[in-house]
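Just below is one structure, and these are the notes that go with it.
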Amino acid sequence: MKQENKKDIEALKNIGLTSPGFKTPENYFEEFSDNLFTKINEEELPKESGFTTPHNYFENLEESIIASIPKEKKKGKLRVLYAISSVAAALVLYFGIANYQESNTISFDSLEVTDIEAYIAAGNMSIDAYAVASIDADLNLNDLVEVNISNDELNNYLDQVDPEFLFLDN
Amino acid sequence: MENEKLFINRLIDPKTKDKAFRELVRLYQERLYWHIRKILISHEDTNDVLQNTFIKVHKGIANFKGDSKLFSWMYRIATNESITFLNKRAKEKNVSIDEYQITSIHSLQDDILFDGSAIQEILQKAIQELPHKQRLVFNMKYFDNLKYEEISEILDTSVGALKTSYFHAVKKIKQHLEEH
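Protein sequence lines correspond, in order, to chains A and B.
Counted from 1, the first sequence has number 695 at position 84 by the working numbering; the numbering is strictly sequential.
Counted from 1, the second sequence has number 248 at position 172 by the working numbering; the numbering is strictly sequential.
Next up, the structure:
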């Protein structure tokens with residue numbers, strides 16, 4: 612048995628099976644000792660931080676947090692008024708539309724200029740200065756508004772105003 | 077190396093234990109590493125078990141009775157730690173320890189920390205297919221060149237049983253290599 616085993620072992624070594632073929636990461640053994648001692652020292656440190664809490668602290672914590680949150684003002688009555696006025700407005704709108712449909716249809720020409728100005732002033736339509744300028748590049752300011760400012764008045768204004776104010780917002 | 081008894085005394089004495097322990101680590105880390113690595117295959121697992129082995133040695137050195145060589149004692153701890161580790165992993169996957177080791181060898185080809193030849197890869201697969209005890213004996217005798225008496229001390233098995241285990245292990249590996 613011994614002889615046979617010896618021959619088999621020699622045969623394995625002869626085909627190059629002298630090491631298992633594993634390798635280690637670079638510098639593994641050089642660093643092993645330090646890593647080991649870090650772990651040993653860590654294990655010797657106390658496991659608990661040493662901090663404690665007052666008696667029943669966590670049992671009472673939830674209540675204490677809820678109690679410290681500022682209460683919201685009661686809006687019960689306002690909510691009812693709001694609801695009622697919303698319903699009233701909807702009814703007015705409905706009957707208004709129903710009555711209006713029986714009469715003339717609306718066209719742009721039938722709208723009053725003052726109505727349109729009021730609509731824009733209420734912020735219902737945003738006007739981009741660049742968009743206005745692009746409508747007609749040849750459009751003159753005097754065609755849009757009546758300008759009754761003298762050149763002297765204009766120059767005085769320009770001398771006083773902060774130039775930043777004059778820049779268009781993008 | 078200095079007389080082993082003197083060395084053990086330095087390992088126990090609080091004034092000298094840290095320095096002596098560093099020497100011990102430096103002396104045996106590689107041998108223990110490769111022993112564990114051949115059992116666990118993975119470097120990461122080996123690193124964990126090697127650290128645990130030395131930690132156990134560090135904690136237990138004061139109780140070391142000296143009835144075996146220091147290295148045999150450490151080797152035994154490393155072997156037991158490796159087997160405990162394997163048992164735990166196998167239990168997690170609900171398989172036997174042998175089945176677990178066979179599956180772990182399948183990813184050897186993709187392991188960047190294996191640079192063996194194709195035949196070494198076949199050898200590793202053959203080794204993993206051996207029964208658990210034969211695998212240990214083969215690795216310790218064939219690669220680590222330990223004497224049967226040393227292996228007997230580590231595995232707490234008779235020399236005769238070890239020789240039989242080794243004989244069968246070598247035969248099976250040779251057969252596996254011939255078939256593949």
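Quick reminder that beta carbons are idealized off the backbone N, C-alpha and C, glycines included.
Note that the structure is predicted; figures quoted are calculated from it, not measured.
Range covered by the alpha helix (DSSP H) that runs through residue i
{"i": "residue 150 (chain B)", "result": "146-168"}
{"i": "residue 228 (chain B)", "result": "224-231"}
{"i": "residue 241 (chain B)", "result": "235-255"}
{"i": "residue 21 (chain B)", "result": "Since the first and last residues shown for chain B are 77 and 256, residue 21 (chain B) lies out of range."}
{"i": "residue 83 (chain B)", "result": "80-88"}
{"i": "residue 644 (chain A)", "result": "639-654"}
{"i": "residue 201 (chain B)", "result": "194-204"}
{"i": "residue 763 (chain A)", "result": "762-771"}
{"i": "residue 680 (chain A)", "result": "Unbroken run through residue 680 (chain A): none, as it is neither H nor E."}
{"i": "residue 94 (chain B)", "result": "93-116"}
{"i": "residue 212 (chain B)", "result": "208-214"}
For residue j and residue i, the rounded distance between their alpha carbons
{"i": "residue 257 (chain B)", "j": "residue 250 (chain B)", "result": "One cannot answer for residue 257 (chain B) here, as it falls past the ends of chain B, which runs 77 to 256."}
{"i": "residue 671 (chain A)", "j": "residue 664 (chain A)", "result": "12 Å"}
{"i": "residue 195 (chain B)", "j": "residue 234 (chain B)", "result": "32 Å"}
{"i": "residue 131 (chain B)", "j": "residue 651 (chain A)", "result": "6 Å"}
{"i": "residue 227 (chain B)", "j": "residue 209 (chain B)", "result": "11 Å"}
{"i": "residue 781 (chain A)", "j": "residue 677 (chain A)", "result": "With a pLDDT of only 47 at residue 781 (chain A), under 50, the local geometry of the prediction cannot be trusted, and the value read off the model is given with reservation. Their backbone Cα atoms lie some 47 Å apart in a straight line."}
{"i": "residue 169 (chain B)", "j": "residue 177 (chain B)", "result": "12 Å"}
{"i": "residue 144 (chain B)", "j": "residue 642 (chain A)", "result": "29 Å"}
{"i": "residue 661 (chain A)", "j": "residue 655 (chain A)", "result": "15 Å"}
{"i": "residue 110 (chain B)", "j": "residue 253 (chain B)", "result": "23 Å"}
{"i": "residue 97 (chain B)", "j": "residue 104 (chain B)", "result": "11 Å"}
{"i": "residue 704 (chain A)", "j": "residue 673 (chain A)", "result": "49 Å"}
{"i": "residue 696 (chain A)", "j": "residue 667 (chain A)", "result": "51 Å"}
{"i": "residue 81 (chain B)", "j": "residue 248 (chain B)", "result": "41 Å"}
{"i": "residue 164 (chain B)", "j": "residue 680 (chain A)", "result": "50 Å"}
{"i": "residue 769 (chain A)", "j": "residue 760 (chain A)", "result": "12 Å"}
{"i": "residue 618 (chain A)", "j": "residue 202 (chain B)", "result": "18 Å"}
{"i": "residue 765 (chain A)", "j": "residue 773 (chain A)", "result": "14 Å"}
Same chain, Cβ closer than 6 Å to residue i, neighbours up to 5 away in sequence not counted
{"i": "residue 92 (chain B)", "result": "86"}
{"i": "residue 162 (chain B)", "result": "173"}
{"i": "residue 180 (chain B)", "result": "117"}
As assigned by DSSP and simplified to three states, the class of residue i
{"i": "residue 140 (chain B)", "result": "coil"}
{"i": "residue 633 (chain A)", "result": "strand"}
{"i": "residue 264 (chain B)", "result": "Since the first residue shown for chain B is 77 and the last is 256, residue 264 (chain B) is missing from the structure and cannot be characterised."}
{"i": "residue 130 (chain B)", "result": "helix"}
{"i": "residue 662 (chain A)", "result": "coil"}
Cutoff 8 Å; reference residue i; Cβ partners in own chain excluding five residues on either side
{"i": "residue 246 (chain B)", "result": "214, 218"}
{"i": "residue 113 (chain B)", "result": "119, 122"}
{"i": "residue 198 (chain B)", "result": "252, 253, 256"}
Same chain, Cβ closer than 7 Å to residue i, five either side skipped, listed in chain order
{"i": "residue 626 (chain A)", "result": "none"}
{"i": "residue 149 (chain B)", "result": "140"}
Below-8 Å beta-carbon distance, residue i vs any chain D residue
{"i": "residue 255 (chain B)", "result": "Among the protein chains of the structure shown, namely A and B, there is no chain D."}
Interface positions of the stretch 627-659 of chain A facing chain B (Cβ-Cβ less than 9 Å), listed along the chain:
627, 628, 629, 630, 631, 632, 633, 634, 635, 636, 639, 640, 643, 644, 646, 647, 648, 650, 651, 654
Can you pull out the residues from the stretch 188-210 of chain B whose beta carbon lies closer than 9 Å to at least one beta carbon of chain A?
188, 189, 190, 191, 192, 193, 195, 196, 197, 199, 200, 203
If the cut-off is 9 Å on Cβ atoms, which residues from the stretch 143-174 of chain B count as contacting chain A, listed in chain order?
none
With 9 Å as the limit, tell me which residues of the stretch 224-253 of chain B have their beta carbon closer than that to any beta carbon of chain A; keep them in chain order.
239, 240, 242, 243, 246, 247, 249, 250, 253
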